Structures are given as structure tokens and as C-alpha cells.
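> Sharing a structure below in C-alpha cells format, with a few things to ask.
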Amino acid sequence: IASKTGQNDDAFIDLQDILRRFSFDNICKLSFGFDPCCLVPSLPVSKLADAFDLSSKLSAERAVNASPLIWKMKRFFNVGSEKKLKEAIKVVNDIAKEMIKQKQEIEIGVDSRKDLLSRFMGSLNSNEDEYLRDIVVSFLLAGRDTVASTLTGFFMLLSKNPDVEKKIRVELDRVMNPVQEVASFEQTREMHYLNGAIHESMRLFPPVQFDSKFALEDDVLPDGTFIKKGSRVTYHPYAMGRMETIWGPDFMEFKPERWLREGVFVPKCPFKYPVFQAGVRVCLGKELAIVEMKAVVAALVRRFDVRVVGPNQEPRFEPGLTATFRGGLPVKFYERNSRL
């Protein structure tokens, strides 16, 4: 970002693309201990990232078919989008298996297990390859696009709400040192207003707009609705976040203050705000994701003014497992010092 800032007044940067590259690098380093270098423009795009994107996109497109029979027939005859999906999944699985194999071949001491996969393998009684492969895919799915999607929506909303941006900067300047670029973990815990702003952006633009569960047994919902075993139950965080009956008459306003009580962040009931799911299936990486997003916002907002190109245009979404803006998020970055 810094290298492209100020090069051309007419040029813009696709922030969504940068955030997706960043989050992929980050989740790979954290989970597997290797850096795919997606943020390095001189290197080719990671095969794993490309295959993962394609498989996610094609999997989500199954839902828009008029009937499940369409994609099932394509899969049976191995043609069209299902053939591409099969090939993309094979690339993801092969790379995941290779990462696991390399981990297994290296004798790792307890003190050196810093990535999640190594720690996970060290805690298992057996290293079943397929199980570990599924763990790798789960890490990627949970930690990559969700963070990028949330931050994309956040910066779009921030560009439209300069008063919120100003309050975030006041808090960051109070918490961090004047020349500090990266916030410490302890400092992120003091960022209550920023925490509210991030949660508020996820209320309006949740990274997973809807999700489904299948009932393992017959059940009855609190309102008396009977749920038969095997039934698919879908909930819609995107719609729930825009309901006046839940959030009041100002439900369409970007208002971080609704998450604060006397300046301290107060979470909402997860069944009212199911962005991270709720109950026994609540997102395990919730706190990690929040800390990561706070650190990214702090680093960018303190150094740059981020302005969306065409801020009055309403975003349209691409089909996908997570919310992705069609056409990306074109923005211009301005060094703050140069504008003072």
C-alpha cells in the first residue's frame, strides 16, 4: 500500500484483493508455519490460494441452481463446473497433504511447536492424514475470507462515516505511542470503540450472510415450532442485522455506540447477533479474528486516509461461501502527514 500511495492521483487500489491476500498469508503462517507470499507482487499467485478461491466459489454456486439435480448430474458425468470443482479440490488436498507430510518428517520439539497444525498433530494419538487434511481446510476456510470480508465492509462504512473514523483515531492515539506502527495484544484490549465499530460493521455486512444446520434429532424451537430429525434450518445474519424489531429505528445507521456502555464494549446476545454463531458451535477463532482486525485497522487508519472510489454506490455481492463485493473495493490511500 505504501509503495503505491501518491504515485498517481487517478490510480486506485482494490482493497478487497489486498485484504484477501493478507489474510491468506496470515492464516497460513499462523496455522501451518509457512508464508505463501501472496502480498509480494513480483511472485506468482499461490496455487493453493487460487484453487481454494475457485473451489469456494463453485461450491457456493451450487446453491443458485434451480435444482440440486443439476450439479449432481454434472458431478456424475464429471463435466462443467463440477469437473473444475473436482480439479480445484484435488489441488487443495494435494498441497494440504504435502504440508502434513513435511510436518510429520520433521522431528519437532515441544517448544518449537508454534503453528496450530504442529500443535494439533502433537496432541493427537494418531496422525490420520485425511483427518489432518480436513483440519487444514477448516483453518483456511474459517480464517481467510471471513477476516478479509469483514475488513472490506468495515473500510467501506468507515469511508462514509468520517465522524466514526475520527473517534477511532482519538482512541488509537490515546492507546498507542505516537510513532508506534503495530499495536500490542495488551493495547488491542483497550480499543473499546474500535471493537464496537468492527462488530457494528459485521452487523451490517456479516462475512457469512446465511448458514444452515441439520437437526440430528427431533426438536422444538422456543416459539413451539417442531423441527423434524434431518430438517435443514437456515438462519440469516445479514437479514437479522437489518431488522428494526431487533435493532430499533436506527438499524441502518453505522453506530458503534450501540455496543458501548460508559465507554466500555459490551457484547450482544449471540442469538440476537449470530455472526460468530452461538451455543456449543460458537466460532473458536472469534477472539483471534477480532485481535487481528483491530491490529490491521490500527495500522492503516493511523497512517492513511482511506477513501472509497464511488462511495455512494451500494455494494453487490459475488456468489461465495463468504460475502465478497463484486468488482472489489476500489480505494485511494492518502498519507496523513502529507494532508496535514
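Going by the working numbering, the letters in the sequence shown line up with residues 22 to 361, in that order. The beta carbon of each residue, even a glycine, is placed where N, CA and C say it ideally should be. In this text the structure is predicted, and so the values were computed from the model without any measurement.
Please return the same chain residues whose Cβ sits closer than 8 Å to the Cβ of Asp362, not counting the five positions on each side in sequence.
The displayed coordinates of the chain run from 22 to 361. Any statement about residue 362 would go beyond what the structure contains.
> Is Arg347 buried or exposed, if buried means 16 or more other CB atoms sit within 10 Å of its CB?
As a position in the sequence shown, residue 347 is number 326, starting the count at 1. By the 10 Å Cβ count, Arg347 comes out exposed.
> Short check: CB of Asp155 to CB of Ile121, under 8 Å?
Residue 155 sits at position 134 when you count from the first residue of the sequence shown. Residue 121 sits at position 100 when you count from the first residue of the sequence shown. Against a cut-off of 8 Å, the Cβ pair of Ile121 and Asp155 comes out as no contact.
> Quick check on this structure: which residue in Glu82, Ile22, Thr266 has the alpha carbon closest to the alpha carbon of Pro62?
Here residue 62 is taken as the residue at index 41 of the sequence shown, counted from 1. Out of Glu82, Ile22, Thr266, Ile22 has the C-alpha closest to the C-alpha of Pro62.
> In the DSSP assignment, what are the bridge partners of Lys353?
By one-based count along the sequence shown, residue 353 stands at place 332. Per DSSP, Arg328.
> In chain order, what residues of the same chain have a beta carbon less than 7 Å from the beta carbon of Ser170, not counting five sequence neighbours either side?
As a working mapping, residue 170 is identified with position 149 in the sequence shown. Only residues of its own chain outside the window of five on either side were considered, and among them Pro228, Thr343, Ala344, Thr345 have a CB closer than 7 Å to the CB of Ser170, listed in chain order.
> Considering only DSSP beta bridges, list what Phe338 is partnered with.
Here residue 338 is taken as the residue at index 317 of the sequence shown, counted from 1. According to DSSP, residue pairing for Phe338 in a beta bridge involves Phe346.
> Measuring straight from C-alpha to C-alpha, what distance separates Glu283 and Lys124?
Locating residue 283 in the sequence shown gives position 262, counting from the first residue. Locating residue 124 in the sequence shown gives position 103, counting from the first residue. When rounded, the distance between both Cα atoms is 48 Å.
> The alpha helix (DSSP H) with Val287 in it runs from where to where?
Taking the first residue of the sequence shown as 1, we reach residue 287 at position 266. Careful: Val287 lies outside any alpha helix (DSSP H) and carries neither H nor E.
> So what does DSSP say about Ile22, is it helix, strand or coil?
By one-based count along the sequence shown, residue 22 stands at place 1. Ile22 falls in the coil class under three-state DSSP.
> Out of curiosity, what's the CA-to-CA distance linking Asp38 and Cys59?
For the purposes of this step, residue 38 is taken as the residue at position 17 of the sequence shown. For the purposes of this step, residue 59 is taken as the residue at position 38 of the sequence shown. Using only the alpha carbons, I get a separation of about 10 Å.
> Under 8 Å Cβ to Cβ from Pro351, same chain only, skipping five residues before and after it: list those, please.
Mapped onto the sequence shown, residue 351 falls at position 330. So the qualifying residues of the chain are Phe33, Ile34, Asp35, Leu36, Val329, Val330, Gly331.
> How about Ile116 and Leu69: are their beta carbons less than 8 Å apart?
Here residue 116 refers to the residue found at position 95 when the sequence shown is read from its first residue. Here residue 69 refers to the residue found at position 48 when the sequence shown is read from its first residue. Going by C-beta atoms, Ile116 is nearer than 8 Å to Leu69.
> Measuring alpha carbon to alpha carbon, tell me which of Arg96, Thr209, Ala260 ends up nearest Glu308.
Residue numbering aside, residue 308 sits at position 287 when the sequence shown is read from its first letter. The residue with the shortest Cα to Cα distance from Glu308 is Thr209.
> Would you tell me roughly how many angstroms separate the C-alpha atoms of Pro288 and Gln298, rounded to the nearest one?
The sequence position of residue 288 within the sequence shown is 267, counting from 1. The sequence position of residue 298 within the sequence shown is 277, counting from 1. Those two C-alpha atoms are separated by around 13 Å.
> Give me the Cα-Cα distance between Val191 and Lys315, rounded to the nearest whole angstrom.
In the sequence shown, counting from the first residue as 1, residue 191 sits at position 170. In the sequence shown, counting from the first residue as 1, residue 315 sits at position 294. Those two C-alpha atoms are separated by around 14 Å.
> When you compare each of Val327, Leu281, Met94, Leu137 to Lys353 by their alpha carbons, which one comes out closest?
Numbered from its first residue, the sequence shown carries residue 353 at position 332. The residue with the shortest Cα to Cα distance from Lys353 is Val327.
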